[in-house]
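A.B. asks: Protein chains in written order, with the working numbering: chain A, 1 to 384; chain B, 1001 to 1180.
Cβ coordinates follow ideal geometry from the N, Cα and C atoms, glycine included.
In this text, all values refer to a predicted model and were calculated from it rather than measured experimentally.
(1) With 7 Å as the C-beta to C-beta threshold (strictly closer), list the residues of the stretch 1013-1031 of chain B near chain A in chain order.
(2) Tell me which residues share the same chain as residue 1106 of chain B and place their Cβ nearer than 8 Å to its Cβ, disregarding the 5 neighbours each side in the sequence.
(3) DSSP three-state label for residue 1100 of chain B, please.
(4) Answer with yes or no whether the minimum CB distance from residue 244 of chain A to chain B is below 8 Å.
(5) Can you give the beta carbon distance from residue 147 of chain A to residue 259 of chain A, rounded, assuming they're within the 8 Å contact cut?
(6) Going by other Cβ atoms of all chains shown within 10 Å of its Cβ, with 16 needed for buried, is residue 152 of chain A buried or exposed?
(7) Residue 168 of chain A versus chain B: which residues are under 7 Å apart at the beta carbon?
(8) Rounded to whole angstroms, how far is the Cβ of residue 52 of chain A from the Cβ of residue 63 of chain A, which I believe are closer than 8 Å?
(9) Give the secondary structure of residue 302 of chain A by DSSP, where H, G and I count as helix, E and B as strand, and everything else as coil.
(10) Starting from the N-terminal side, write out each stretch of the beta strand (DSSP E) that is 3 residues or longer and does not extend beyond the stretch 297-357 of chain A.
(11) Listed in chain order, which residues of the stretch 174-186 of chain A have Cβ atoms closer than 9 Å to some Cβ of chain B?
(12) Run through the stretch 106-152 of chain A for me and flag every whole alpha helix (DSSP H) of 4 or more residues, listed as ranges in chain order.
(13) Name the residues in the stretch 1137-1163 of chain B whose C-beta lies less than 7 Å from a C-beta of chain A; which are they?
(14) Jot down the residue ranges of each uninterrupted alpha helix (DSSP H) in the stretch 1004-1088 of chain B, minimum 4 residues, whole runs only, in chain order.
(15) Which whole-angstrom value is the C-beta distance of residue 404 of chain A and residue 130 of chain A, which I expect to be below 8 Å?
(16) For the beta strand (DSSP E) containing residue 37 of chain A, name the first residue and the last one.
(17) For residue 75 of chain A, name the three-state secondary structure that DSSP assigns.
(18) Could you check the C-alpha separation between residue 184 of chain A and residue 33 of chain A for me, to the nearest Å?
(19) Just the C-alpha distance for residue 6 of chain A and residue 1153 of chain B, rounded to the nearest angstrom, thanks.
(20) Would residue 1142 of chain B and residue 1171 of chain B qualify as a contact pair, given that the criterion is a beta-carbon distance under 8 Å?
(21) In the DSSP assignment, find the unbroken alpha helix (DSSP H) run with residue 12 of chain A in it and report its ends.
(22) Sort A:139, A:341, A:287, A:29 by Cα distance to residue 362 of chain A and report the nearest one.
(23) From the DSSP secondary-structure annotation, give me the bridge partner or partners of residue 162 of chain A.
(24) Can you look up residue 291 of chain A in the DSSP assignment and give me helix, strand or coil?
(25) Starting from residue 53 of chain A and walking both ways along the beta strand (DSSP E), at which residues does that stretch end?
(26) What is the DSSP secondary structure of residue 254 of chain A, counted as helix, strand or coil?
(27) As a quick exercise: from B:1012, B:1002, B:1159, B:1001, pick the residue whose alpha carbon is nearest that of residue 1117 of chain B.
(28) Per DSSP, what are the beta-bridge partners of residue 375 of chain A in this structure?
(29) Have a look at A:214, A:132, A:137 and flag the residue whose alpha-carbon is nearest the alpha-carbon of residue 329 of chain A.
(30) Have a look at residue 340 of chain A and residue 333 of chain A and give me their C-alpha separation to the nearest angstrom.
(31) Would you list, in sequence order, the uninterrupted beta strand (DSSP E) runs of no fewer than 3 residues that lie entirely inside the stretch 1108-1147 of chain B?
(32) Taking Cβ to Cβ, would you say residue 1060 of chain B is nearer than 8 Å to residue 78 of chain A?
(33) Using a cut-off of 8 Å between C-beta atoms, extract the partners of residue 365 of chain A located in chain B.
(34) Taking 7 Å as the limit between beta carbons, can you name the residues of its chain near residue 54 of chain A, skipping five residues before and five after?
(35) Provide the residue span of the alpha helix (DSSP H) that contains residue 383 of chain A, from first to last.
(36) Would you say the stretch 277-287 of chain A touches the stretch 344-354 of chain A, given that touching needs at least three Cβ pairs under 8 Å?
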């Protein structure tokens, strides 16, 4: 049913319908309303889950890891510095192949202290072995949780996932969301069946010591699982589309790319603003389109190359900066298009909550068409 | 697409007003999006919140720069903050003040003033004017039906509190020219 609600509450509601058995979270800044709403639902017996409040994000994810290893469907949410504090545990969760799903309300990292949005937090964990999905709006933020659990718990994948949605821009925004019923979610997401679990009657160890004779093979297996996750994401997305009528069949999504000379590439809520800007530019006769990257890990390089094969210029919008190089998405799109002859330019935008308007998108397209890029866009030179 | 910017001070319920106006607009059958000017909200500090209304799904995520409407909860903000900034030609400003407008109003702006503080004090017993001003906004803009506003208020507030807030909104709605 269509309802109007805050992004954080839409996520909390959908997580409830996913029937998590253990939720562990650190409830203090940086955090969102998601875990507050879930705590209330657990207290009201709306969810049959163990809710573990802990003293740090490190402990929150550690509790999730243990509960997942014991065979529970688990959930957590964090952002920014909270995710940074989970860094070590993130690698352990992926390495122990636990299908933990965690919402990331993307925010920037200090210093300087900033509570505002960019995607530096999750991007900084791109190599940790977590699937990373990025939502354009609150509907997608909700829907991707269902898909994430389906994919992560698939026995050919067994990896954790971040469902990323822009902090404040989505998390604190009220807008209509089509919320499924419990029955509909149950019809899509079956109960978690662990591949193996900690059991005192049948002991096993996870996360053991791996000597140089074995360590590389473990890493290789995680990478293979990540590669397999692509087709599982497509399958889960296709089944989602069939059941709910919203299209998640692709790892990337093209918007008005037919006949486009210039393509913008972006992730997250900025895609909405870009779509409006593309419509205005198309009306003015400019041949522009958008490629939205929904799945950043596993990285859909062949799908991106295929979607962009007919364009001349690509402008990548990066809400992150790999300091000393360039934006992470731009770097990877360049690699995906290597040898194609397509010109790819990168633009660092919207860091620390800097607003991005339709006019900015049009200006970036102008810059890209002149071949000017690989730059921070919109710097206030007067304060430099 | 039409846009609303709400000016207030921390503690006056500007963010709540934006949310409830969006809920009421949604109940009235249009797409709506409400969001605060993200910041570290402190009691008394100038704050802003925004609402967008559209007949189509709203994809735009930037802040509001050229609103069709503004609501000013506290006239002492005028001067410190340019509450009319970017307001469109023919735009409507709903301002809480007990006085005749004694501030510079741009020629292209339609100003509606009302003493929302007195209404709120009388009906609610506290000088929290957000729900009163929502009633005035509903009548001035025609963006939301009063029945939808009432529904949104009753969803948010329990029992007597809901009755009182609906009454405050109804009085303002009537004063500005609607028949609730």
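C.D. replies: Reading off the structure:
(1) Taking 7 Å as the Cβ-Cβ cut-off against chain A, the residues of the stretch 1013-1031 of chain B that qualify are 1019, 1022, 1023, 1026, 1031.
(2) If you number the second chain from 1, residue 1106 of chain B lands on position 106. Excluding its 5 nearest sequence neighbours in each direction, residue 1106 of chain B has C-beta neighbours in its own chain below 8 Å: 1084, 1087, listed in chain order.
(3) Here residue 1100 of chain B corresponds to residue number 100 of the second chain, with the count starting at 1. Look at residue 1100 of chain B here: in three-state DSSP terms it is coil, with no helix or strand label.
(4) To locate residue 244 of chain A, count along the first chain from 1; it is residue 244. No, because no Cβ of chain B sits closer than 8 Å to the Cβ of residue 244 of chain A.
(5) On the first chain, position 147 is the one that residue 147 of chain A refers to. On the first chain, position 259 is the one that residue 259 of chain A refers to. Not a contact, Cβ separation roughly 31 Å.
(6) Along the first chain, one-based indexing puts residue 152 of chain A at 152. So residue 152 of chain A counts as buried.
(7) Taking the first chain and counting its residues from 1, the one referred to as residue 168 of chain A is at position 168. In chain order: 1038.
(8) To locate residue 52 of chain A, count along the first chain from 1; it is residue 52. To locate residue 63 of chain A, count along the first chain from 1; it is residue 63. So it is a contact: roughly 5 Å between Cβ atoms.
(9) Taking the first residue of the first chain as position 1, residue 302 of chain A is located at position 302. Three-state DSSP puts residue 302 of chain A in a helix.
(10) For the stretch 297-357 of chain A, whole beta strand (DSSP E) runs of length 3 or above, ordered along the chain, are 313-318, 343-348.
(11) Within the stretch 174-186 of chain A, contact with chain B at the beta-carbon level (separation under 9 Å) is assigned to 174, 175, 176.
(12) Restricting attention to alpha helix (DSSP H) runs no shorter than 4 residues, the stretch 106-152 of chain A encloses them at 120-123, ordered along the chain.
(13) Within the stretch 1137-1163 of chain B, no residue has a Cβ that lies closer than 7 Å to any Cβ of chain A.
(14) Those alpha helix (DSSP H) runs which fall completely within the stretch 1004-1088 of chain B and span 4+ residues are 1014-1027.
(15) In the structure displayed, chain A extends from 1 to 384; residue 404 of chain A sits before or after that span and is not available.
(16) Mapped onto the first chain, residue 37 of chain A falls at position 37. For residue 37 of chain A, there is no enclosing beta strand (DSSP E); the enclosing alpha helix (DSSP H) covers residues 33-43.
(17) If you number the first chain from 1, residue 75 of chain A lands on position 75. Note: residue 75 of chain A maps to strand in three-state DSSP.
(18) If you number the first chain from 1, residue 184 of chain A lands on position 184. If you number the first chain from 1, residue 33 of chain A lands on position 33. Rounded to whole angstroms, the separation of the alpha carbons of residue 33 of chain A and residue 184 of chain A is 25 Å.
(19) Start at 1 with the first residue of the first chain, and residue 6 of chain A comes out as number 6. Start at 1 with the first residue of the second chain, and residue 1153 of chain B comes out as number 153. C-alpha separation (whole angstroms): 16 Å.
(20) Taking the second chain and counting its residues from 1, the one referred to as residue 1142 of chain B is at position 142. Taking the second chain and counting its residues from 1, the one referred to as residue 1171 of chain B is at position 171. No, Cβ-Cβ distance for residue 1142 of chain B and residue 1171 of chain B is not below 8 Å.
(21) Position 12 of the first chain, counted from the start, is the residue given in the question as residue 12 of chain A. From DSSP, the alpha helix (DSSP H) with residue 12 of chain A extends over 7-17.
(22) Your numbering for residue 362 of chain A matches position 362 in the first chain. Comparing Cα positions, the closest option is A:287.
(23) One-based indexing of the first chain puts residue 162 of chain A at position 162. For residue 162 of chain A, which the question treats as bridged, DSSP gives the partners A:102, A:132.
(24) Counting from 1 along the first chain, the entry for residue 291 of chain A is found at position 291. Of the three classes helix, strand and coil, the one that applies to residue 291 of chain A here is strand, per DSSP.
(25) Against the first chain, residue 53 of chain A aligns to sequence position 53. It spans 50-53 - the beta strand (DSSP E) in which residue 53 of chain A sits, taken as one unbroken run.
(26) Numbered from its first residue, the first chain carries residue 254 of chain A at position 254. In this structure, residue 254 of chain A counts as strand in the three-state DSSP scheme.
(27) Working through the second chain from its first residue, we reach residue 1117 of chain B at position 117. It is B:1012.
(28) Within the first chain, numbered from 1, the residue matching residue 375 of chain A stands at position 375. Paired residues: A:347.
(29) Here the question's residue 329 of chain A lines up with position 329 in the first chain. Of the listed residues, the one whose Cα sits closest to residue 329 of chain A is A:132.
(30) Mapped onto the first chain, residue 340 of chain A falls at position 340. Mapped onto the first chain, residue 333 of chain A falls at position 333. Looking at the two C-alpha atoms, the distance is approximately 11 Å.
(31) If only uninterrupted beta strand (DSSP E) runs of at least 3 residues are considered, those enclosed by the stretch 1108-1147 of chain B are 1110-1114.
(32) For this step, residue 1060 of chain B is matched to residue 60 along the second chain. For this step, residue 78 of chain A is matched to residue 78 along the first chain. Inclusion of residue 1060 of chain B and residue 78 of chain A in the CB contact set at 8 Å is not warranted, their separation being larger than that value.
(33) Working through the first chain from its first residue, we reach residue 365 of chain A at position 365. The contacting residues do not exist; residue 365 of chain A stays about 16 Å from chain B at best.
(34) Residue numbering aside, residue 54 of chain A sits at position 54 when the first chain is read from its first letter. Within the same chain, residue 54 of chain A has close Cβ partners 24, 26, 60, 63.
(35) Position 383 of the first chain, counted from the start, is the residue given in the question as residue 383 of chain A. Neither: residue 383 of chain A is in no alpha helix (DSSP H) and is coded neither H nor E.
(36) In this structure the stretch 277-287 of chain A does not touch the stretch 344-354 of chain A; the number of beta carbon pairs closer than 8 Å is below three.
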